[in-house]
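J.: Numbering (the working numbering), first residue to last: -14 to 248. We put the CB at the ideal spot given by N, CA and C, even for glycine.
Below, the structure is given as structure tokens:
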């Protein structure tokens, strides 16, 4: 049986000039084999690089890197940190908020995991409970959500009315040349809270109906001196996307707005 090999800081410095890495490797030794030493080296190096990128991220954005790390390896977390580091601050704030929401949802799920299932037909509760009991419980939020950020103030936009609609006219889809908007049917309405988030705009279902959707924001009421009386965003969910989540945020200022598809 091979004798475990101890490594000193000086030993490691001969192969890598980082004193912090050398000290960590020396503290982790002795190693029973080269394979064990390599595994430790990869782990320590990734943790060191992750710490450096975390510090760089915090210096740029002013808050810690937020990610739902459940099921992710250290290399995956590091890769995601590097990918998001190039974001604009307002975009990264939205991404961080989404990750924090995922963490909260997972923790809430753990709190309720030991509780009995609520009966669907006899409780007299809202329709959402019936939908989940009928087999639509794989999601813990609606397929379509939104969030409004006031980029002029650099804060969430609260108190904005939001409407979600779906195109129901099967004879013709909405288009730039089609000026008849009578085919829209309301799915839900809400008002953004202090975090800029709307409450539930549609039922929680495993597979959203494919088709065209329109989400509208009453920006004129929120900022009467602004250029836009309201903002409407039309998007399409295709047949092969029905199990996906669609987060459609609005980054708003009185004289401009931006949107993108989040997750």
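Hey, how far is the Cα of residue 29 from the Cα of residue 153?
T.: By 1-based counting over the chain shown, the position of residue 29 is 44. By 1-based counting over the chain shown, the position of residue 153 is 168. C-alpha separation (whole angstroms): 56 angstroms.
J.: Rounded to the nearest angstrom, what separates residue 222 and residue 1 at their Cα positions?
T.: In the chain shown, residue 222 corresponds to position 237, counting from 1. In the chain shown, residue 1 corresponds to position 16, counting from 1. Cα to Cα, residue 222 sits roughly 51 angstroms from residue 1.
J.: Which residue or residues does DSSP assign as beta-bridge partners of residue 2?
T.: Looking up residue 2 in the chain shown gives position 17. Per DSSP, none; premise fails for residue 2.
J.: With distances taken between CB atoms, is the gap from residue 216 to residue 197 smaller than 7 angstroms?
T.: Position 231 of the chain shown, counted from the first residue, corresponds to residue 216. Position 212 of the chain shown, counted from the first residue, corresponds to residue 197. Contact flag unset, no.
J.: In three-state DSSP terms, what is residue -8?
T.: On the chain shown, residue -8 is found 7 positions in, with the first residue counted as 1. Coil, per DSSP.
J.: Please specify which runs of the beta strand (DSSP E), each continuous and at least 3 residues long, are wholly inside the region 163 to 212, giving them in chain order.
T.: Listed in chain order, they are 169 to 176 and 196 to 202.
J.: Between which two residues does the beta strand (DSSP E) containing residue 237 stretch?
T.: Here residue 237 refers to the residue found at position 252 when the chain shown is read from its first residue. Element bounds for residue 237: 235 to 238.
J.: Based on the DSSP secondary-structure assignment, which residues constitute the bridge partners of residue 130?
T.: By 1-based counting over the chain shown, the position of residue 130 is 145. In the DSSP output, where bridge partners are listed per residue, residue 130 has 232.
J.: Using the C-alpha atoms, what's the distance from residue 155 back to residue 49?
T.: Indexing the chain shown from 1 puts residue 49 at position 64. Indexing the chain shown from 1 puts residue 155 at position 170. The alpha-carbon atoms of residue 49 and residue 155 are separated by roughly 47 angstroms.
J.: To which residues of the same chain is residue 178 closer than 7 angstroms at the C-beta, ignoring the five residues directly before and after it?
T.: In the chain shown, residue 178 corresponds to position 193, counting from 1. Excluding positions up to five away in sequence, the list reads 143.
J.: Count the C-beta pairs between the region 11 to 21 and the region 31 to 42 that are closer than 8 angstroms, then say yes if the count reaches three, no if not.
T.: Counting Cβ pairs under 8 angstroms, fewer than three are found: no touch.
J.: Distance check for residue 195 and residue 224, CA to CA, integer angstroms please.
T.: The count along the chain shown starts at 1 and reaches residue 224 at position 239. The count along the chain shown starts at 1 and reaches residue 195 at position 210. Those two C-alpha atoms are separated by around 5 angstroms.
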